[in-house]
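A quick write-up on the structure given underneath.
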Amino acid sequence: MLQIGSVVDGKYKVLNKIGQGGMSVVYLSLNERANKTWAIKEIRKDGVQDFATVRQGLIAETNILKSLNHKYLPSIVDVIDDKDTFLIVMDYIQGKSLNTVLKESLEHDGLPIFVEDVISWGKQLCDVLYYLHTRTQPIIYRDMKPANVMLKPDGEICVVDFGTARVFKTGNTEDTTCLGTPGYAAPEQYGGNGQTRPQTDIYNLGATLHHLITGRNPAATPFNFPKITQCRPTLLEETPRDLRGKLLGLEMIIDKCTQYEIKDRYQSCVELKYDLEHPEELGLPYRKLLKKKFYSFVGCGVMALILGGVSLVGMAMENNTTKSGCDYYIQSAQTAANDEKIQLYRSAIALNPTREDAYLDMLDTMVSDNVFSSDEDVYLTSVLNSRDNGRDRDNRTYLQANRAGYVEFSYQLGLAYYYSVGNNGDKSSAVGWFQNVIDADMDSLDMGDNDEYKYAWQARAQILGRISDYYKNKIGVTNKAGDAEVSYADYWNDLMSLFDSDAVGQDNMITDMRLYSEIVFQIYSRTVEFKDEAGISQEEMEQALDAIQSRMDIMAIDGDAQAMELAADIETMIEQARRSITATFATNPNAGAGSAASQSPDSEGGSQEADSEEGGGE
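For the sequence shown, counting from 1, position 428 maps to 428 in full-length UniProt numbering; every step adds exactly one.
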């Protein structure tokens, strides 16, 4: 055992003991020459059974950590192997283990960890696991648990103890050893159940989050993770009302992480982190499949790829003298991955901010999964407001000089805001962009290949702009005189006017489907208001749904993944809307009959994405 005050390897002065485990002792030391503190982990050979196996694990741990560089991982600076002890000199991590933090919370407050802290730590752990899983030789940690995660004073975490980590080997069917901690370990970590893989770490992380949020140690009943609100029946009451949506979302996340079968879990930390960033979305009815958003998560990794890609692009451009740099970036983006597409379009805009195709293609990439997220909104806004290459005006001003291009971009961005499920208040944001289209002198504009659509765009912008403006004035809210400034009858009539031939069937299929989706969602979510406030009859509402169903039936969506996803959402919501109508009118069958203020389509029609909070509601 190291002596306090002794100097190790001629440079590390041992100050005091700061921790002890089953096989090791950890000391705080000081490199007096560098005036820097380090932790020294000592594993003595005497008294340790099968030290050869232990030593193999220690060597694996140090070799792995030496090759890594991540803010949530400690750095190894020295390894000292002599006849009596094995010493590892590494970063000194100030703070407490999450296991200690949990124990203190239960002892002092009688409560487990607060839901927002659990989610925050979970996102950080996703970051570090993603980093490990995406090395040239992927690293599987295999022992995620509260005791192996340090919480530093600044609120950030650090993952320690890499003794069980291993390199993932493609083609292997099983691991050679079964390591991990019972309760947290996944089924495949036990003999004969297959090779550990990234989904193994996701299982371990789910078990860790379950322990932190419930206070229940999973070691007693391995592979058994009751829903957190059942495991701790008082959990909902203990959680502030405005955070209960996040808690219920976290419950679903943990449940998916800890599935017995690998195929039933999250398949990557990208998917898992996305849901941890949007847990409240999981509580919405009919939530769509997980969105794989890479932009904020991949972070520095993407930037490294982009910077490397930019240098390659620069070399290639020397051999493409017949193409402008802007054209080259746009064409290169056509075959790039989504995260790279965004940066390539950004580079094209920096070269020529008047080219609408770069903006349109960037926006199209962002909404290709039927979502325009808050992060994407912020990024696109920053692009429009940027003054690239020392220019005296921002990119938006340059784009406005291209009148036809600016109108088309305004229309598409207005639609993105209008149908977005990622931005709160997106319909209000759509108003100004639709106004650009409404104010345009279409007769004087040549829209190129889209010239035949320009009048339909303007007609639709007028209706959608008016509906968007309703959200500012609050539908059905009365003014000081006691009158509703925007009535539900007005709202219904505008929704139905979207079926006019000037607005529907004159655009691309996806846009039309989103419009149908909007109408169905509004009928579903506002059935009571349309009945009671606008006097819309059951027959009128059902006719609108029948009209939408008819138009959906004749659409050629086979082979178009985006259209098929939207169609499935619309079909689901139509059924929900029908049930809502039946239930609403069953309570008062005579209400809403014979409304003179309303109009309804005579044959065809639409729906809103079933998981959309903003896609149809306020």
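C-beta atoms are modelled at their ideal positions from N, C-alpha and C, and glycine is treated no differently.
Nothing here was measured: the structure is a model prediction, and the numbers come from that model.
- Looking at the backbone, the Cα of Ala-333 and that of Asp-369 are separated by about 17 Å.
- Looking at the DSSP output, Val-25 bridges to Gln-20 and Glu-42.
- As summarised for the segment 399 to 465, the continuous alpha helix (DSSP H) elements at least 4 residues long and confined to that stretch are 403 to 419 and 426 to 438, given in chain order.
- Annotation: Leu-464 to Tyr-488 spans about 15 Å, alpha carbon to alpha carbon.
- Between the segment 386 to 396 and the segment 434 to 453, the count of C-beta pairs closer than 8 Å stays below three; the two stretches do not touch.
- Bridge partners of Tyr-12 according to DSSP: Val-8 and Asn-31.
- Within the same chain, no residue comes within 7 Å of Asp-364 by CB-CB distance, once the 5 residues on both sides are set aside.
- Considering only Arg-466, Ala-456 and Ala-404, the residue with the shortest C-alpha distance to Ser-444 is Ala-404.
- Beta-bridge partners of Val-89 (DSSP): Ile-40 and Asp-78.
- Look at the beta carbons and you see the segment 195 to 206 not touching the segment 107 to 119: under three pairs across the two are nearer than 8 Å.
- Nearest Cα to Tyr-27 within the set Leu-2, Met-150 and Ala-34: Leu-2.
- A Cβ-Cβ separation of about 4 Å places Gly-249 in contact with Leu-282 under the 8 Å criterion.
- Counting every other CB atom within 10 Å of its CB across the protein chains shown gives Asp-84 a total below 16, marking it as exposed.
- Taking Ile-18 as reference, the option from Glu-32, Lys-41, Glu-518 and Ser-6 with the minimal CA-CA separation is Lys-41.
- Shown here, Lys-256 sits in a helix according to DSSP, grouped into three states.
- Three or more pairs of CB atoms, one per stretch, sit closer than 8 Å, so the segment 180 to 190 contacts the segment 202 to 222.
- One alpha carbon belongs to Thr-221, the other to Val-79, and they sit about 38 Å apart.
- By the Cβ neighbour-count rule, Gly-122 is buried, with 16 or more other Cβ atoms within 10 Å of its own.
- According to DSSP, residue pairing for Cys-126 in a beta bridge does not occur.
- Across the set Lys-13, Ile-523, Leu-236 and Arg-551, the C-alpha of Ile-523 shows the shortest separation from the C-alpha of Gln-538.
- Contact between Leu-247 and Val-101 is absent: CB atoms are separated by about 19 Å, not below the 8 Å threshold.
- Excluding five sequence positions before and after Tyr-345, the CB atoms of its chain that fall closer than 8 Å to its own CB belong to Tyr-329, Ile-330, Ala-333, Ala-358, Tyr-359, Asp-361, Met-362 and Thr-365, given in chain order.
- DSSP places Leu-102 inside the alpha helix (DSSP H), whose first and last residues are 98 to 109.
- Assignment of Val-520 by DSSP, reduced to helix, strand and coil, places it in the helix class.
- The DSSP-derived three-state label of Val-160 is coil.
- Glu-518 and His-278 have their C-alpha atoms roughly 22 Å apart.
- By the 16-neighbour rule on beta-carbons within 10 angstroms, Val-149 is buried.
- Bridge partners of Ser-537 according to DSSP: none are assigned.
- With contacts defined as CB atoms closer than 8 Å, Phe-162 and Ile-64 qualify as a contacting pair.
- DSSP places Met-555 outside both helix and strand once states are collapsed to three, so it counts as coil.
- In the three-state reduction of the DSSP assignment, Leu-2 falls in the coil class.
- Note that the C-beta distance between Leu-129 and Cys-269 is below 8 Å.
- Contact between Ala-416 and Phe-372 holds, since their C-beta atoms are separated by about 4 Å, short of 8 Å.
- Taking Gln-124 as the centre and dropping the five residues before and after it, the same chain places the C-beta of Tyr-72, Glu-156 and Ile-157 closer than 8 Å to its C-beta, in chain order.
- DSSP, reduced to helix, strand and coil, places Ile-139 within a strand of the structure shown.
- Taking C-alpha positions only, Val-378 is separated from Ile-548 by approximately 34 Å.
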